[in-house]
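Working notes for the structure below.
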Amino acid sequence: MITFKSHSGIYTLEVKQILNISLAEAWDFFSSPGNLAKITPQHMDFIITSGTPAKMHPGQIISYKVAPFPKFKTNWVTEITHVSEGRFFVDEQRFGPYRMWHHEHHFEIQEKGVLMTDRVSYKLPFGIFGRIAHALFVKEQLKQIFSYRIAVMEKELG
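So that you can map any letter, position 151 of the sequence shown is 151 in the working numbering, and since no number is skipped, the others follow by simple counting.
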């Protein structure tokens with residue numbers, strides 16, 4: 001399930017999915033930065049440029065190249081700001097296409113597996129033009145990216 005909210009010029013995207021795997025399996029997959037390319041649409045040409053560490057940790061800086069639009073490649077730098085082993089982690093943009101990007105990844109044991117919740121609070125640059133861009137294509141693009149992730153995770157992780 002994918003939902004969007006808006007408040008004070010900040011948008012919040014929330015995605016919930018139940019995975020029929022153990023908490024340890026879910027955590028191992030999502031806490032390994034190298035797996036991010038597996039759940040990002042191929043047309044975005046996602047590449048980690050800072051090297052691929054085995055495990056994430058608070059304070060870790062990860063840099064990427066990504067093409068949010070055809071023929072437009074940009075650098076994106078995030079920091080892992082919080083990690084609570086097996087429960088949640090947070091990455092925040094330090095440099096990139098958004099004015100603000102705060103992405104929470106939560107994991108909770110459920111009767112049928114693990115409930116994974118992605119909550120992304122973000123703000124676009126350029127004031128009114130950013131809000132128009134959100135309405136015209138950014139919201140739909142994010143919806144497509146997270147729909148792709150849902151499909152890949154369903155296939156790969158059950």
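C-beta atoms are modelled at their ideal positions from N, C-alpha and C, and glycine is treated no differently. Note that this is a predicted model, so its numbers are computed, not measured.
Does residue i come out as helix, strand or coil in the three-state DSSP assignment?
i, result
"Ile62", "strand"
"Lys38", "helix"
"Phe46", "coil"
"Ala151", "helix"
Taking residue i as part of the beta strand (DSSP E), name the residues at either end of that continuous run.
i, result
"Arg94", "88-95"
"Phe29", "Unbroken run through Phe29 is the alpha helix (DSSP H), 23-30; no beta strand (DSSP E)."
Which partner residues of residue i appear in the DSSP bridge assignment?
i, result
"Thr3", "Glu14"
"Ser84", "Phe88"
"His134", "His134 pairs with nothing; no bridge assigned."
"Gln110", "Gly113"
"Tyr122", "Tyr11, Trp101"
"Glu79", "Ile61, Glu92"
"Leu19", "Val114"
Determine the direct distance from the alpha carbon of residue j to that of residue i, and round the result to whole angstroms.
i, j, result
"His19", "Val152", "Residue identity differs from the one stated: residue 19 is Leu in this sequence, not His. Cα to Cα, Leu19 sits roughly 11 angstroms from Val152."
"Arg99", "Gly34", "25 angstroms"
"Phe205", "Val138", "This structure gives no information on residue 205, because the portion of the chain shown stretches from 1 to 158."
"Leu23", "Phe146", "21 angstroms"
"Phe4", "Thr52", "31 angstroms"
"Ile150", "Val114", "13 angstroms"
"Thr206", "Lys55", "The displayed coordinates of the chain run from 1 to 158. Any statement about residue 206 would go beyond what the structure contains."
"Ser32", "Ser84", "14 angstroms"
"Lys38", "Glu92", "20 angstroms"
"Tyr80", "Gly59", "Residue identity check: residue 80 is Ile in the sequence provided, not Tyr. Spanning the two alpha carbons is a distance of roughly 6 angstroms."
"Trp76", "Ala67", "10 angstroms"
Mind checking which residues open and close the alpha helix (DSSP H) that includes residue i?
i, result
"Met56", "Looking at the DSSP string, Met56 is not in any alpha helix (DSSP H), and its letter there is neither H nor E."
"Lys71", "That residue, Lys71, is in no alpha helix (DSSP H); it is neither H nor E in DSSP."
For the ligand MG, any of its heavy atoms closer than 7 angstroms to the Cβ of residue i?
i, result
"Glu14", "Inclusion of the ligand MG in the displayed structure is not the case, the ligand content being empty and no account of it being possible."
Q: Decide yes or no for the touch test of the stretch 22-42 against the stretch 121-136: beta carbon pairs closer than 8 angstroms, at least 3 of them.
A: In this structure the stretch 22-42 does not touch the stretch 121-136; the number of beta carbon pairs closer than 8 angstroms is below three.
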